[in-house]
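Residue numbers (this note's numbering), protein chains in the order written: chain A, 2 to 301; chain B, -9 to 306; chain C, 76 to 518.
The C-beta atom is built at its ideal place from N, Cα and C for all residues, glycine as well.
Here the structure is laid out as structure tokens; the discussion comes afterwards.
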Amino acid sequence: MELLAFILVDGLIYGAWLFIVSVGLTLVFGVLNILNLAHGSLYAIGAYATASAVGAYFALGGDAFPMGSYLAMVIGALLVAVVLGPLLERGLLRHFYDRDHVIVVLVTYGVFLILEDVMKLIWGVTPLFVSEPYSLLGNVELGPLFYVAYDFLVIAVAIMSGLAVWFFLNRTRRGKVVLAVIHDREMSQTMGVNVDRVFLVCFTVGVFLAALGGALTAPMISVSPGIGVNVIIIAFAVVIIGGLGSIEGAAIGALFVGIARAASVHLLPEAELFIIYLVMAVVLVFRPEGLFSKTEARKI
Amino acid sequence: MSATRSLPVICAIGFVALIVVGLLLPEWAMFLTTMAFAKGLVALGIVCLMRAGLVSFGQGLYFCIGAYVAGLMANWTGITDIFLLTALGIIASGITGMIFGPLLATYRGIFFAMLTLSLSMILYGFLSKMTALGGTDGLNVAAPTFLGYAPEGRALGLSLYVYTCAIVVIAGGLVRTFFDSERGLIALAIRDNELRVEYLGASVRKEIVFSYVAAGILGGIGGVISGLAIGHVDPETAYWTTSGEFVFVAILSGYLSIPAVFVGSLLLEVVRSFSNLYFPNTWQLSLGIFLLAVILLLPNGLGSLLAWRKRRRETS
Amino acid sequence: MIDRVRKSSAGRLTSRLLAAVAAVGMLGMGTAKAEDTFKIGVVTFLSGGAAESFGVPAWHGGKLMIEMLNEGGILPPPYDKKGFGGMTIEAIPVDEAGGATKQVQEFRNLVQREKVDAVVGYVSSGDCLAIPPVADELKAFTILYDCGTPRVFEEGEYAYVFRTAAHAAMDNISLAKYMKSRGVEVGTFAGINQDYAWGQDSWADFVASMSVIMPDATTDTALFPKIFAGQYGTEISALIRDNADVVHSSLWGGDLQAFVLQAGPRGLFERSQVALAAGDHVIPQLGNKMPDGVIIGARGMNGLSAKPKATELTDVLWEAYEKEHDTFPVQAPFRMWQALLGLKTAVEKAMAENGGTKPTAEQLAAAMKGLEWEAPSGTIKMALGNGHQAIQPNAIGTTKWDAETGKMTLVDIEYYAAECVNPPDGVKAVEWIKEGFPGAKCD
């Protein structure tokens, strides 16, 4: 029983984290049809920006009101999105929309390589720490289970950002415009939708979500070179399992992987290394397009 | 028709040219070329798939199988003959391809890419766990022999180079023949519209399995050569970044020209090697910029340069 | 710092590109070399996960020492002579990121294209296994300065390859000895180690050492998270559930920092005695976020544990490093220093024998074999692997935050003689542990 509770709570926490780091990826794919390999770098930049922002906050006398550091985290992520979103979309990706998918994937791979070194040039290799927000909320004891309250904040943010994206897409007028663009780019353009702007906004939101993932992770880790590489592949797996472009899918996929990994760590630690790929392979064998995916008519 | 008949001649000329150039190269450049060609073979496999509109992000699987077959056979049975090891690599990767090919043939686009990637990563995870096979550190491979001839030093490098060139020319010739065959042309048709191909009575599935197995075998051969040339094999060969590099070369070269694949592979090796040395702290940046520049300036890959000239010659 | 390195390499670019073009043009006849420089390739991680903890500090330390040596007379005797035996040292840094396949290619380029006189490098044990056969094939003098796997000289024999740092077995043997001598009660112990050769070997060595030194202790939880996983919430839950007396870990770098940050608030350090086999290098970054009472090794008498035994040599280097990088040197620069000092000693020994000309690779190898020299990390002896593998003293300590100075310190440090925690020549480390350390010479 206790073991089961451990697995569920651990899986939920990890799944929530997975969802946050992958939801931006699935959104960008859904709208722009781009598989963004630089997603992990954006995550890392978000972590760095947050570390700098929170560091600056405390340096400027934030000790008096430490809760403000959470605001600093969000601002850090926002800054990344506002700067890099338009820069990448307008400056680079736009030129490749009519090219093969794989080419665009490679373009984002190039961006990934460049950003990895750019981060090193800006922040150096010395790791940054901003662990204050992690311990600020205290601990939570659930019977024999003992967790940091921040873990549950991650769950809350995951749920909130998931709901926000879903609500925007399905319940607002602008969101419906975006759905129209997803459904048929050319047709919506003819109907007077400013597709360029939809792309720009959605990509920037995607960058924000990636950076937010980094921002939330920053207090738990040492922000140092190379933290983004691992995230890309995990986020991909989650998104593929859930079905590319599906927000609900990313949520279920993240939960799936989170619990599978937790079960593996508690019951069969030897398998942890490839559990995520195993889940992915199994899901794809039974659901070739992922758990949630639109069936597309093949064009003759 | 004349193109097919002159193919052996072109291959022979190409081989001689490669050998002549090779004899003039300094040792480091000869080694670099050997490795670039070995990796080019893997990329050539991806090009085979690309013609059918599929991109495998998991060719590291076959590269790794080839490398480990060479490594383990040399260590366990003492077989060091490169011809035999290549044959064994072909068998191993061919069988693996035939097992996974039918399974993968139902997938398209990014799902095909991701499934191939996950297969490769499962092999990576498995090898990392196998301490008997050296775990993540991998194991060393003895220098190859050539039908009893056991060269050392520069002679070894030269023999490997000649062997690799021979394989490249043979593989290139076979792939060209395949591309120009009915089968190969159907692959192009699949890329355009596979439903139409089905209506025409051809089996898309069979076609894709065939291309996939061919790609796997090319990957296996590349792995054998690279494992023997490096003298060391490790699970990193199956890691997704290794596969990503092959895709990079394939895209860089495009699917229009076969020699372009090897030129592209060579170019990547040269750029990487020099940027690694001269910008040790920003070599990734240089590589990224190089990549973006190529994609921007050469929309259809290096091959478009060669193919364009050829087309112009034909029309004039 | 990174900036400066970049500029200096960019500055060399034009001339070297020309040289390279010329080399290609002259079809490998090679460029003329001035007799008064000694060129070394320094291969270490400049990017990726191991850069921050090992690669860059090592290169910082190496660069600093090379500058000091080229100046001459800054380090105390016997290292006061300029450069290597009067020759100016020229270092070419190369990034180790990218895997063994790439490193073998780059090694060939360094030797055949750049014509370096020696290569000093390699943190990753995979690279350390892949390079030696090539080094021997090319007859290139090579020093492996950092990597830990015992396999290099236990499975192979190389003429031109030397490792100037002890292999990893001593880290975990010393840890077990420390538990015993400090009276740590170990009924059960658990482990969290990365899922690759380093983590797997470390755990195996520790389990074997414990079964000899504390045979009553048992273990049933061995966790192997993926390297660079960064998220340890689930693993920490499993460790809390296991509630072992001791938790062993060989995590390093960002992974170790993340683990400490995440495990701290969840009370793991209060529940279990945590022992970190290679943990010293995260102390400068973590500061007081590293809890008190953690048992820490430094893969040798390096970093904080070298300070109480400091010689003049240690102090000069320590102060210069602190001044330039605003932090004290941890294990990585110490290992780079012992490699460079060993190389210097070997070059000068060879020159004394060959009449003062620049030594060939053969002469260097002959001089290096079985060599002994003093380094900030103690006396280094090339005692194993037929004179090719070093042994060195080790030290284990316990963390204690000094609130007055605002610095983390190591207390209760115990020192282990090199012969106490390293096997005799010709005996494999794992077997030596299992047999109960026959022939160990402990003070």
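In this structure, does DSSP put residue 514/C in helix, strand or coil?
Here residue 514/C corresponds to residue number 439 of the third sequence, with the count starting at 1. Reduced to three states, the DSSP call for residue 514/C is coil.
Given that residue 205/C touches chain B, what residues does it touch there, using C-beta distances under 8 Å? For the purposes of this step, residue 205/C is taken as residue 130 along the third sequence, with counting starting at 1. The contacting residues are 128, 130, 220, 221, 222, 224.
query = Nearest-angstrom Cα distance between residue 137/B and residue 316/C?
reply = Sequence index remark: in the second sequence, residue 137/B carries index 147 (1-based). Sequence index remark: in the third sequence, residue 316/C carries index 241 (1-based). Distance between the alpha carbons of residue 137/B and residue 316/C: 60 Å.
Checklist entry - Got a sec, what are the start and stop residues for the alpha helix (DSSP H) residue 168/A sits in? => result Against the first sequence, residue 168/A aligns to sequence position 167. That run of the alpha helix (DSSP H) goes 150 to 172.
| Whole beta strand (DSSP E) runs in the stretch 224 to 276 of chain C with 3 or more residues, listed along the chain? | 236 to 238, 263 to 267
Requested in this report: For residue 52/B, count neighbouring Cβ atoms within 10 angstroms of its own Cβ and tell me buried if that reaches 16, exposed if not.
Outcome: Taking the first residue of the second sequence as position 1, residue 52/B is located at position 62. When all chains shown are included, residue 52/B counts as buried.
In the structure shown, what three-state DSSP assignment does residue 249/B receive? For this step, residue 249/B is matched to residue 259 along the second sequence. Reduced to three states, the DSSP call for residue 249/B is helix.
*Contact list for residue 168/C against chain A, beta-carbon separation under 9 Å*: The residue given as residue 168/C occupies position 93 in the third sequence. Within 9 Å Cβ-Cβ: nothing; residue 168/C doesn't reach chain A, min ~13 Å.
- Query: If you draw a straight line from the alpha carbon of residue 148/C to that of residue 226/A, how long is it in whole angstroms?
  - Reply: In the third sequence, the residue the question calls residue 148/C occupies position 73. In the first sequence, the residue the question calls residue 226/A occupies position 225. Computed Cα separation, rounded: 37 Å.
(request) Please confirm whether residue 467/C and residue 378/C have their CB atoms less than 7 Å apart. (result) As a position in the third sequence, residue 467/C is number 392, starting the count at 1. As a position in the third sequence, residue 378/C is number 303, starting the count at 1. No, the Cβ-Cβ distance between residue 467/C and residue 378/C is not below 7 Å.
* Please check the pair residue 359/C and residue 403/C, which I expect to be a contact at CB under 8 Å, by giving their CB distance rounded to whole angstroms. => Reading the third sequence from its first residue, position 284 is the one you call residue 359/C. Reading the third sequence from its first residue, position 328 is the one you call residue 403/C. That belief holds up - the Cβ atoms of residue 359/C and residue 403/C are roughly 6 Å apart, short of 8 Å.
Legend entry - Spatially closest choice to residue 173/C from 491/C, 118/C, 192/C, by CA coordinates: Counted from its first residue, the third sequence places residue 173/C at position 98. When each option's Cα is compared against that of residue 173/C, the closest is 118/C.
Inset, instruction - Reducing DSSP to helix, strand and coil, say where residue 295/C ends up. - result: Position 220 of the third sequence holds residue 295/C. Note: residue 295/C maps to strand in three-state DSSP.
**Prompt:** Taking the alpha-carbon positions, what's the residue 164/C to residue 75/A distance?
**Reply:** For the purposes of this step, residue 164/C is identified with residue 89 of the third sequence, where counting begins at 1. For the purposes of this step, residue 75/A is identified with residue 74 of the first sequence, where counting begins at 1. Roughly 49 Å between the two C-alpha positions.
Enumerated in chain order, which unbroken segments of the beta strand (DSSP E) with a length of 3 residues or greater are wholly contained in the stretch 313 to 372 of chain C? 321 to 324, 348 to 351, 370 to 372
Taking 7 Å as the threshold (beta carbon to beta carbon), is residue 235/B in contact with chain E? The structure shown contains no chain E; its protein chains are A, B and C.
_When 199/B, 232/B, 237/B, 258/B are compared against residue 93/B, the one with the closest alpha-carbon_ = Translated into positions along the second sequence, residue 93/B becomes position 103. The shortest C-alpha separation from residue 93/B is found at 199/B.
Element boundaries [alpha helix (DSSP H), containing residue 236/B] = Here residue 236/B corresponds to residue number 246 of the second sequence, with the count starting at 1. Note, residue 236/B: alpha helix (DSSP H), 230 to 243.
_Pairs of beta-carbons, one from the stretch 79 to 92 of chain B and one from the stretch 209 to 224 of chain B, closer than 8 Å: are there three or more?_
yes
### Query
Among the residues of its own chain, which have a CB less than 8 Å from the CB of residue 133/C, if the five just before and after it don't count?
As a position in the third sequence, residue 133/C is number 58, starting the count at 1. The answer, listed in chain order, is 119, 198, 220, 221, 407, 408, 410, 411.
Looking at the structure shown, is residue 433/C part of a helix, part of a strand, or coil, going by DSSP? Counting from one through the third sequence, the residue named residue 433/C turns up at place 358. In the three-state reduction of the DSSP assignment, residue 433/C falls in the coil class, being assigned neither a helical nor a strand state.
**OP:** Quick one: using the 10 Å Cβ neighbour count with 16 as the cut-off for buried, is residue 152/C buried or exposed?
**Re:** The sequence position of residue 152/C within the third sequence is 77, counting from 1. So residue 152/C ends up on the exposed side.
Taking only beta-carbon atoms, is residue 106/A less than 7 Å away from chain C?
Here residue 106/A refers to the residue found at position 105 of the first sequence. No - not a single Cβ of chain C is within 7 Å of the one on residue 106/A.
Nearest-angstrom Cα distance between residue 154/A and residue 143/A? Residue 154/A sits at position 153 when you count from the first residue of the first sequence. Residue 143/A sits at position 142 when you count from the first residue of the first sequence. When the Cα atoms are used, residue 154/A and residue 143/A turn out to be separated by approximately 16 Å.
- Along chain A, in chain order, which residues have C-beta atoms closer than 8 Å to that of residue 408/C? Position 333 of the third sequence holds residue 408/C. Within 8 Å Cβ-Cβ: nothing; residue 408/C doesn't reach chain A, min ~14 Å.
*Using a cut-off of 7 Å between C-beta atoms, extract the partners of residue 247/C located in chain B.*
Numbered from 1 along the third sequence, position 172 holds the residue referred to as residue 247/C. Neighbourhood of residue 247/C in chain B, by CB distance below 7 Å: empty, with the nearest CB roughly 16 Å away.
Nearest-angstrom Cα distance between residue 104/C and residue 17/B? Residue numbering aside, residue 104/C sits at position 29 when the third sequence is read from its first letter. Residue numbering aside, residue 17/B sits at position 27 when the second sequence is read from its first letter. Its pLDDT being 38, under 50, residue 104/C is placed unreliably by the model, and the measurement read from it follows with that caveat. Looking at the two C-alpha atoms, the distance is approximately 11 Å.
**Prompt:** Quick one: Cα of residue 46/A to Cα of residue 140/B, how far?
**Reply:** As a working mapping, residue 46/A is identified with position 45 in the first sequence. As a working mapping, residue 140/B is identified with position 150 in the second sequence. Taking the straight line from one Cα to the other gives about 52 Å.
If we ignore side chains and look at the alpha-carbon of each, how far apart do residue 121/B and residue 272/C end up?
Residue mapping note: residue 121/B aligns to position 131 of the second sequence, counting from 1. Residue mapping note: residue 272/C aligns to position 197 of the third sequence, counting from 1. Spanning the two alpha carbons is a distance of roughly 8 Å.
Buried versus exposed call for residue 101/C [16 or more other C-beta atoms within 10 Å across all chains shown]: As a first step, residue 101/C is located in the third sequence; it is residue number 26 there, counting from the start. Because residue 101/C sits at a pLDDT of 42, beneath the cut-off of 50, its placement in the model cannot be relied upon, and the following sentence gives the value as read from the coordinates. By the neighbour-count rule (16 or more Cβ atoms within 10 Å), residue 101/C is not buried but exposed.
Pairwise C-alpha distance: residue 265/B and residue 100/B | By 1-based counting over the second sequence, the position of residue 100/B is 110. By 1-based counting over the second sequence, the position of residue 265/B is 275. For residue 100/B and residue 265/B, the distance between alpha carbons rounds to 31 Å.
_Element boundaries [beta strand (DSSP E), containing residue 490/C]_ = Here the question's residue 490/C lines up with position 415 in the third sequence. Residues 482 to 491.
Tell me which residues of the stretch 116 to 131 of chain A have at least one Cβ-Cβ distance to chain B shorter than 9 Å, keeping chain order. 116, 117, 118, 119, 121, 122
Item to check | Neighbour flag for residue 46/A against chain B, beta carbons, 7 Å | outcome: Counting from 1 along the first sequence, the entry for residue 46/A is found at position 45. By this cut-off, residue 46/A is not an interface position.
* Asked: Which residues of chain C have a Cβ atom closer than 7 Å to the Cβ of residue 274/B, listed in chain order?
  -> In the second sequence, counting from the first residue as 1, residue 274/B sits at position 284. Neighbours of residue 274/B on chain C, chain order: 122.
*Go ahead and pull the three-state DSSP assignment for residue 233/A.*
Here residue 233/A refers to the residue found at position 232 of the first sequence. In the structure shown, residue 233/A sits in a helix (DSSP, three-state: H, G or I).
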